[in-house]
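Numbering (full-length UniProt numbering), first residue to last: 3 to 140.
By construction, the Cβ of each residue, glycine as well, lies at the ideal position given by its N, Cα and C atoms.
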Ligand code: GTP
Ligand code: MG
């Protein structure tokens, strides 16, 4: 079993889609073992997305992520990282497979409703960015 960090982004929390997105995770066999709704500062969003600091969209991305509350969560299950990314769909909703979260809900490549860790090492880092060990009850 594996854990991954998921974020329901501001475009989705604004439209009250948290429950519908969580249902997709649960239907795929992922268990939400930790979850909280927070609002990031722009500096915190920049720290979280620091691998993208040199990208042309960095300012737009961090402004967006700090614009409204997000729901941060830890998903657990077999191959949770890959499974979550499958349920999310491609980064660009125009390229996302039917039935995925991004195909159904995302508004654009930037405002694409969800984030998911991309590898075991980043999952570990991203989970500890938001959660303490005490908050993780598997
Ligand atoms: P995450 O799970 O959020 O990391 O998405 P990803 O792994 O599918 O995409 P990637 O790590 O390449 O990019 C991180 C995030 O940056 C994306 O989810 C988008 O929100 C944003 N992003 C990527 N490309 C663009 C772009 O061309 N324009 C804008 N505005 N945002 C982008
Ligand atoms: Mg990524």
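- Per DSSP, reduced to three states, the secondary structure at residue 65 is helical.
- Shortest gap from the CB of residue 120 to any heavy atom of the ligand GTP: under 7 Å.
- Here the stretch 15-24 makes no contact with the stretch 45-60; the two share fewer than three CB pairs at distances below 8 Å.
- Under the Cβ criterion (8 Å, minimum of three pairs), the stretch 78-92 counts as touching the stretch 26-39.
- For residue 77, the pairing in a beta bridge is given by DSSP as 6 and 34.
- The Cβ atoms of residue 115 and residue 108 sit closer than 8 Å to each other.
- The nearest non-hydrogen atom of the ligand GTP is 7 Å or more from the C-beta of residue 48.
- The residue among 139, 111 and 103 with its C-alpha nearest the C-alpha of residue 21 is 103.
- A distance criterion of 7 Å places the beta-carbon of residue 107 beyond contact range of the ligand GTP, judged by its closest non-hydrogen atom.
- Residues 6, 7, 83, 125 and 128 of the same chain have their beta carbon placed closer than 7 Å to that of residue 119, with the five preceding and five following residues left out of the count.
- By alpha-carbon distance to residue 43, the top candidate from 66, 25 and 53 is 66.
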